[in-house]
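Novice: Residue numbers (this note's numbering): 3 to 148.
Glycine is no exception: its CB is placed at the ideal position from the N, C-alpha and C atoms.
Since this is a predicted model, take the numbers as computed values, not measurements.
Can you keep this structure in mind? I'll have questions shortly.
Structure representation (structure tokens):
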């Protein structure tokens, strides 16, 4: 029985009818792939992208597409995300009530400042965000007052 070649050039075992796809976490999720997801699922309210290699550009595409419906997003473990992507997310998705940013390694006080602009935020996870200092927590606390 001949081996089949899958969508990403991987080998599909003969008895398996779906391709075996191995995505490693060090490969960024490109915006053009995100667009395919958005086209297939246009009304997402809760989005879990934990441990996905999401970039600022990809998050910008997501925030523009889901600005009127996104309520909760899990970006925990993102390695390529910075305050720029978060800033766009918060500005575009004004109905966000939950954001999980646990273990987002590049998140700094500037990211905390961006988060502080989320006016409807009720739940926020920042576990293992080692670059956020007391100043960043102060930004978030000040934003909670409004």
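Sorted by chain position, which residues of the same chain lie with C-beta nearer than 8 Å to residue 61's C-beta, five sequence neighbours on each side aside?
Specialist: Same-chain partners within the cutoff: 77, 83, 87, 88, 90, 91.
Novice: Along the chain, which unbroken stretches of the alpha helix (DSSP H) at least 4 residues long are found entirely within the stretch 58-111?
Specialist: List check, alpha helix (DSSP H) in window: 58-67, 85-94.
Novice: Under the three-state reduction of DSSP, which class applies to residue 133: helix, strand or coil?
Specialist: Three-state result, residue 133: coil.
Novice: Assuming contact is defined by CB atoms lying nearer than 7 Å, are residue 121 and residue 141 in contact in what I supplied?
Specialist: In this structure, residue 141 does not lie closer than 7 Å to residue 121 by Cβ.
Novice: Could you tell me which of 47, 112, 147, 125 sits nearest to residue 134, measuring between CA atoms?
Specialist: When only C-alpha atoms are compared, the closest one is 112.
Novice: Between residue 129 and residue 104, how many whole angstroms is the CB-CB distance? I'm expecting something under 8 Å.
Specialist: Yes, they are in contact, since the Cβ atoms of residue 129 and residue 104 sit about 4 Å apart, within 8 Å.
Novice: In or out: residue 93 buried (at least 16 other Cβ within 10 Å) or exposed?
Specialist: By the neighbour-count rule (16 or more Cβ atoms within 10 Å), residue 93 is not buried but exposed.
Novice: When you compare each of 63, 114, 127, 41 to residue 79 by their alpha carbons, which one comes out closest?
Specialist: Closest option to residue 79, Cα to Cα, is 127.
Novice: Locate the alpha helix (DSSP H) running through residue 35, then write down its first and last residues.
Specialist: It spans 33-42 - the alpha helix (DSSP H) in which residue 35 sits, taken as one unbroken run.
Novice: What's the gap between the Cα of residue 37 and the Cα of residue 125?
Specialist: So the alpha carbons of these two residues sit roughly 27 Å apart.
Novice: Residues in the same chain with beta-carbon distance under 8 Å from residue 144, minus the five sequence neighbours each way, listed in chain order, please.
Specialist: Correct list, in chain order: 118.
Novice: Which first and last residues belong to the beta strand (DSSP E) in which residue 119 is found?
Specialist: That residue, residue 119, is in no beta strand (DSSP E); it is neither H nor E in DSSP.
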